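See structure below.
Number of protein chains: 2
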Amino acid sequence: MRTRITELLEIRHPIALGGMAGVTDAQLAAAVSEAGGLGTIAAAKESALSLSAEIRRLKDLTERPFAVNVPLMLTAASELVEVIIKEEVPVIITAAGNPAAYTKTLKNNGITVIHVVPCAELAKRAEDAGVDAVIAEGFESGGFASPHEIGTLALIPQVSDAVKIPVLAAGGIADARGFAACLILGAEGASIGTSFLATYECTRIGKAWRRQILSGDDTATKIVARGVMPVRLLANSSSRELEEIIAAGGSKQDIQKYILKADWMAEADGPFPCGQGLGLIKAVRTVHEVIESFVSGAEDLLREKAPQFKISREDPGVELNYAEQ
Amino acid sequence: MRTRITELLEIRHPIALGGMAGVTDAQLAAAVSEAGGLGTIAAAKESALSLSAEIRRLKDLTERPFAVNVPLMLTAASELVEVIIKEEVPVIITAAGNPAAYTKTLKNNGITVIHVVPCAELAKRAEDAGVDAVIAEGFESGGFASPHEIGTLALIPQVSDAVKIPVLAAGGIADARGFAACLILGAEGASIGTSFLATYECTRIGKAWRRQILSGDDTATKIVARGVMPVRLLANSSSRELEEIIAAGGSKQDIQKYILKADWMAEADGPFPCGQGLGLIKAVRTVHEVIESFVSGAEDLLREKAPQFKISREDPGVELNYAEQ
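In order, the protein sequence lines correspond to chains A and B. Residue numbering for the first sequence follows the working numbering, beginning at 28 and increasing consecutively. Residue numbering for the second sequence follows the working numbering, beginning at 28 and increasing consecutively.
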């Protein structure tokens, strides 16, 4: 499959690993890049020093393109961006902030800039700021969320209409159907989170988190901390505890601390981010299997749906009796 | 386009008019049925007498199949169902309740039963209760909403996997891209609300509501009365007033009363239901034009996307260097 995203990023398949703090490390990112996608290291929990080390570790594992994801609200954001420039990272994925202050410097250093947006207006602003592509992230997505809460199906065509640069879709995409649907909606690639959590190469999450992904259905996640710092988590004792912290007047800092300091490897409940597509994820697979199932499956769907619905040029169309009355 | 939905309902195009209280009257429903879709009268604001009259008015306008939509939470629900049986309505669309108590009687009277569901588990239960099809309604949808809040893109494949009966998609579908995407996700038809509000045949809404649909973007709606009786409305002075009513301890009854007693024809703000796809709706069209644009557009997309993405059987696939290390 070739789109402007595969061309822009020089990758084989237009699928990016969604950056997940403390989870998408060099190993998982390298596996995605080696399988033909865009691996992503999350910078959110890293210092300048540890991010630098993680980038080098990734470069030992693959020579293919990869990205580092930086939430711009981090106090260390500009320091982390400097590391990204110094380490010659090919792609940066910025989120949760305005990329305008960074775009020029990044692009002058040959770095491709992708910005995560929750609505059409902010996509347009990111394009005006000079980014190369946007990830339009819908309401179904796991992790920290936008208060705009626009569902992926409604979001992608509206973002696609708002910008000329290519769009990657994110939020609730957990199999070939969701990926192919996003291509139909106007996206030219997808950023995938939860499906990559349930892979052998994802070694930063423990049994509890993985089990809750594999056993949960479409109702198993919820947005917590709405109005303070919304985040989509698996509904469990930790998400309930976080709700109690909010009810007691918890601040943004309290929420960030509770979530980012959690033990992902725990064998009990934790504040585990997860997208709404989890009911489609039934087994642990390799990263290669996930990407292959998305891409081959989407190609098959796009080739085969027309005959399946008995679509033909010879359809007689409607008879408009009503309007003639 | 032929699917199990066009066969089940004996209609030309697998597109239903979403029932909207006080808005989807005989005239709008007849226009949709005459254009080859499934027109729907909403029973929510009707008495047995007025519903009966509306059904007869519709039968004067079209001989094609149509539906009546009944929220089962209404105190008058069973009385309205009796009217539907007596007036020999071909299709009933039940919502907001358990269809089990009605399914057998309805089917014994030759009525096709479609039930609206917000998640996979309730789709399965509706199938077990004997309904003929489900409408899987996602978070993006306008009007009264489920607390499950599952985005349409994540919802449709999970519901499709849960049931054998055909699925119609609803929520945020406002052009051919959304409709085609839902077919890819596993639906065999769609239930469309907001797009039909912006038609010449929709005469029950006034200038203010229509103007706010045509001018709004993807951020223009919001869920109000979360935790009491959630409803997606256009964000305006009325939605803010309703939030104040809730903040002051307003009940379900207060919300229903505020919304259903509103003057839809008002030239000022009102509590106007609207889906998240509104940014895709740019002009008032005929019902025929809306249906034609959805169906022909989706057919074209499904035929043309594969070549657009340069998909071919000859794609070399991935090389899995990483897993071999």
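All C-beta atoms in this analysis are idealised placements derived from N, C-alpha and C, irrespective of residue type, glycine included. Only a predicted model underlies this, so the values are computations on that prediction, with no experimental measurement involved.
Assuming residue i and residue j are in contact, meaning their beta carbons sit under 8 Å apart, how far apart are those beta carbons, in whole angstroms?
i: P41/B; j: E215/B; result: 6 Å
i: G205/B; j: G306/B; result: Contact flag wrong, Cβ pair sits at about 12 Å.
i: G64/B; j: L44/B; result: 7 Å
i: A325/B; j: A207/B; result: 4 Å
i: N125/B; j: L101/B; result: Contact flag wrong, Cβ pair sits at about 13 Å.
i: I162/B; j: S218/B; result: 5 Å
i: A318/A; j: I240/A; result: Here residue 318/A turns out to be Ile, not Ala, going by the sequence shown. Contact doesn't hold; Cβ gap of about 18 Å is too wide.
i: L85/B; j: A103/B; result: Going by Cβ atoms, the distance from L85/B to A103/B rounds to 19 Å, so no, they are not a contact pair.
i: V59/A; j: V314/A; result: 6 Å
How far does the beta strand (DSSP E) with residue i in it reach, from first residue to last?
i: S218/A; result: 216-219
i: L78/A; result: Premise fails: L78/A lies in the alpha helix (DSSP H), 75-88, not in any beta strand (DSSP E).
i: V161/B; result: 160-164
i: V130/B; result: Before going further, note that residue 130/B is Thr rather than Val in the sequence given. From DSSP, T130/B is part of no beta strand (DSSP E) but of the alpha helix (DSSP H) over 127-135.
i: T121/B; result: 118-122
i: F206/B; result: Looking at the DSSP string, F206/B is not in any beta strand (DSSP E); the run it does join, the alpha helix (DSSP H), is 203-212.
i: A196/B; result: 194-197
Can the beta-carbon of residue i be found closer than 8 Å to that of residue j?
i: T300/A; j: R259/A; result: Checking the sequence, you will find Pro at residue 300/A rather than Thr. Yes, Cβ-Cβ distance for P300/A and R259/A is below 8 Å.
i: S222/A; j: K249/A; result: no
i: G198/A; j: G178/B; result: yes
i: V158/B; j: I141/B; result: yes
i: L261/A; j: Y285/A; result: no
i: E114/A; j: R91/A; result: no
i: A181/A; j: Q303/B; result: yes
i: A71/B; j: A48/B; result: yes
i: I232/A; j: L224/A; result: yes
i: F321/B; j: F166/A; result: no
i: K373/B; j: E154/B; result: The first residue shown for chain B is 28 and the last is 352, placing residue 373/B beyond what the model contains.
i: I112/B; j: V95/B; result: no
i: A234/A; j: E294/A; result: The amino acid occupying residue 234/A in the given sequence is Lys; Ala does not appear at that position. The answer is yes: Cβ separation under 8 Å.
i: L78/B; j: V50/B; result: no
i: L88/A; j: A128/A; result: no
i: D296/B; j: S264/B; result: yes
i: A189/A; j: A150/A; result: yes
i: G46/A; j: I120/A; result: yes
i: A147/B; j: Q185/B; result: yes
i: V116/B; j: L36/B; result: no
i: M14/B; j: I282/B; result: Because chain B spans 28 through 352 in this model, residue 14/B falls outside it and cannot be assessed.
i: S187/A; j: G213/A; result: yes
i: E176/B; j: V143/B; result: no
i: I38/B; j: L195/B; result: no
i: A203/B; j: L328/B; result: yes
i: R237/A; j: V311/A; result: yes
With respect to the alpha helix (DSSP H) encompassing residue i, which residues constitute its N-terminal and C-terminal limits?
i: P184/A; result: 179-189
i: G324/A; result: 314-335
i: K151/B; result: 147-155
i: L241/A; result: 234-242
i: A104/A; result: 104-113
i: R91/B; result: Note, R91/B: premise wrong, no alpha helix (DSSP H); not H, not E.
i: Y285/A; result: 279-287
i: A274/B; result: 264-274
i: I32/B; result: 31-36
Who pairs with residue i in a beta bridge, going by DSSP?
i: R259/A; result: G170/A, I250/A
i: L65/A; result: A43/A
i: V97/B; result: T121/B
i: I141/A; result: I120/A, A160/A
i: T226/B; result: R312/B
i: P300/A; result: L260/A
- Query: What residues in the segment 132-162 of chain A bring their beta carbon closer than 8 Å to a beta carbon of chain B?
  - Reply: C146, A147, E148
- Message: If the cut-off is 7 Å on Cβ atoms, which residues from the segment 242-276 of chain B count as contacting chain A, listed in chain order?
- Response: D244, D245, T246
- Item | Interface residues of the segment 189-201 of chain A facing chain B [CB-CB below 9 Å] | A189, A196, G198, G199, I200, A201
- Going along the chain, which residues of the segment 323-338 of chain A sit with their C-beta nearer than 7 Å to a C-beta in chain B? E326, L328, L329, R330, K332, A333, F336, K337, I338
- Message: Short of 8 Å Cβ to Cβ, which residues in the segment 166-182 of chain B face chain A?
- Response: F166, E167, H175, E176, I177, G178, T179, L180, A181, L182
- Task: Could you please tell me which residues of the segment 279-313 of chain A, in chain order, have their CB closer than 9 Å to any CB of chain B?
- Result: Those would be G302, Q303, G304, L305, G306, L307, T313, in chain order.
- Task: Give, in chain order, every residue of the segment 73-90 of chain B whose Cβ lies closer than 8 Å to some Cβ of chain A.
- Result: Going along the segment 73-90 of chain B in chain order, one finds L88, T89 with a Cβ nearer than 8 Å to chain A.
- Task: Identify each residue in the segment 209-232 of chain B for which the Cβ-Cβ distance to at least one residue of chain A is less than 7 Å, and report them in chain order.
- Result: L210, I211, L212, G213
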